[in-house]
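Per full-length UniProt numbering, the very first residue in the sequence shown carries number 1; after that it's consecutive.
Ideal placement from N, C-alpha and C gives every residue a C-beta, glycine not left out.
Some notes on the structure that comes next.
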Amino acid sequence: MTGPGGVSARAVVTGIGVVAPSGIGVDAHWRTVRDGIRRTGPITLFDPASYPTRVAGEVADFDAAAYADNRQLVQTDRWTHLGFAATRLALADAGLPERAPDPYAWAVTLASSSGGNLFGQRELQRLWGGSTRTVGAYQSIAWFYAASVGQLSIHHQFKGPCGVLVAETAGGLDSLAHAVRTVRRGTPVVIAGATECPLSPYALACQLRSGLLSDVADPEAAYRPFDRSAGGYVPAEGGAVFVVEELGHALARGARIYGEVSGWAATHDAAHTGPDTAGDPGQYARAMRLALDRAGVTADEVDVVLPDALGVPRYDRGEAEALRAVFGDRPPPVTTQKPLTGRAHQGGSALDVATALLAFRHDELPASAGPREPAPGCELDFLRTPRQPRNRVALVGARGFDGFNSALVLRGAPPAPRAAGE
């Protein structure tokens, strides 16, 4: 298939919308990861006093009314509000209008781990405490995985092939892979990515059952992937949404291009996640190899890896093992910013993509937010100081509970011109 002007149907990212603990908008997010500013802290969305986990990454100063009208807000969960905001920011960043000029040429594919937790819990509490008449009419849709995609497609008039992916943390990468496939099938503009809001009593209780959450009260020490002191992850809300565009379409309108999604792959362990399991490093490594092969990239061309970084010792060792299986004894530099923001599940892997693309935009690979002291088996080349990319190639990895593995290869566009005096 070819796009406008005979250009082969390659998929590029022309817009990024970030709504996360790291900030609202790409500039705020980049400042956080560049300067290593920790944004996790005590949970404020509800009283966590009765829970062992009391630290999270929340989106500060978020005004949902700035991105959606009251009718939309009362029908939807905070998770969808974050999606409204990230999508509007991505469209503005790409220089595209709020409404699709040709609705059938635009689509949206997002990922979600758990849907509308806050809305769902509130309505279920009403049900158990009163009659069925106390339950709002929008309960049936607001907590559903596809609620954000449905609301966005209606508001922005996306009438192309839309969908939602559910693969826990891996889904943020899977949504971008699906967007590329959709572009190659003839839809020139696809909105992709993920936001999450797993911060409610119900959502936190569900995560606690996994035994993987950190119970450390100090935000500075609560989330330390690959570190000797690692003891679980800190949950977070937010994520990132992207405008994925057919290259010819982007060039025809003079769009700024962040980079290209050039390779992707997903595998599965075919096994449940248990209290003593850590996934299958072999299957995770296979996803990375397949993504690199699809991109036509050799292992020594990769500038940086942005890993899953769960912060649970056995999972961290498994991830390090997978990286060594792919790259040998000297894997490329590794950087993770999840300790700064918390783990936003599918939104977190989307944030990693935003970080990689912005790093290429600014011609600077940000230093890793840890580990301070790598745990045995996790001795990787963690970026201690910022570094200039050489080949402008990044590998992003993600794993979801119950066996999901995904990898994405990004090729960065040339960096933005530096202003005088920089």
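Should residue i be labelled buried (16 or more other beta-carbon atoms within 10 Å of its own) or exposed?
i	result
Thr132	exposed
residue 435	In this structure the chain extends from 1 to 422, so residue 435 is not present and cannot be described.
Gly328	exposed
Identify, in the order they occur along the chain, each residue of the same chain with its Cβ nearer than 6 Å to the Cβ of residue i, setting aside the five sequence neighbours on each side.
i	result
Ala416	Arg361
Phe119	Asp77, Ala142 and Trp143
Gly6	In this prediction, Gly6 has a pLDDT of 40, which is less than 50 and means its spatial position is unreliable; nothing more can be read from the coordinates.
Arg314	Ala278
Gly163	Thr109
Ala179	Thr109, Val190, Ala192 and Val244
Val33	Gln337, Thr355 and Pro366
From which residue to which residue does the alpha helix (DSSP H) around residue i run?
i	result
Trp128	Asn117 to Gly129
Ala373	Checking the sequence, you will find Glu at residue 373 rather than Ala. It is not in any alpha helix (DSSP H) - Glu373 carries neither H nor E in the DSSP assignment.
Trp143	Looking at the DSSP string, Trp143 is not in any alpha helix (DSSP H), and its letter there is neither H nor E.
Ser349	Gln346 to His362
Leu165	Taken as a continuous stretch (DSSP letters only), Leu165 belongs to no alpha helix (DSSP H), being part of the beta strand (DSSP E) at Gly163 to Leu165.
Ala320	Pro313 to Phe327
Val12	Here Val12 belongs to no alpha helix (DSSP H); instead the beta strand (DSSP E) covers Ala11 to Ala20.
Under the DSSP definition of a beta bridge, which residues are partnered with residue i?
i	result
Tyr202	None, per the DSSP bridge assignment.
Asp174	BP columns for Asp174 are empty, so no partner.
Tyr233	Leu213
Phe382	Val334
Leu395	Val305 and Val409
Arg184	Per DSSP, none; premise fails for Arg184.
Gly400	Phe404
Counting only the same chain and skipping the five closest in sequence on each side, list residues whose C-beta sits under 7 Å from that of residue i.
i	result
Pro275	Gly211
Ala217	Arg54 and Val55
Ala105	Gly160, Thr187, Pro188 and Val189
Ala68	His81 and Phe84
Thr169	Asp308, His345, Gln346, Gly348, Ser349, Ala398, Arg399 and Gly400
Pick from the options: whose alpha carbon is nearest that of residue i?
i	options	result
Ile43	Asp35, Ser214, Arg289 and Gly57	Gly57
Ala236	Pro332, Gly311, Phe158 and Thr341	Thr341
Leu292	Ser406, Pro376 and Val244	Ser406
Val12	Ala350, Arg317, Val261 and Leu173	Val261
Ala111	Asp69, Ser175, Ala369 and Glu220	Ser175
Ile16	Asp303, Asp93 and Gly36	Asp93
Leu127	Glu245, Asn117 and Gln139	Gln139
Phe242	Gly36, Ala28, Leu89 and Arg384	Leu89
Gln388	Phe382, Pro366 and Gly370	Pro366
Ala100	Ala285, His155, His249 and Arg411	His155
Could you tell me the boundaries of the beta strand (DSSP E) in which residue i lies?
i	result
Gly238	Gly238 to Glu246
Val108	Trp106 to Ala111
For residue i, which residues from the same chain have a beta carbon less than 8 Å from its beta carbon, with the 5 sequence-adjacent residues on both sides left out?
i	result
Ala375	Phe226, Asp227, Arg228, Ala230, Pro313, Asp316 and Arg317
Glu98	Arg88, Leu91 and His156
Using a threshold of 8 Å, is the CB atom of residue i nearer than that to any non-hydrogen atom of the ligand FMN?
i	result
Val234	The ligand content of the structure shown is nil, which means the ligand FMN is not present either.
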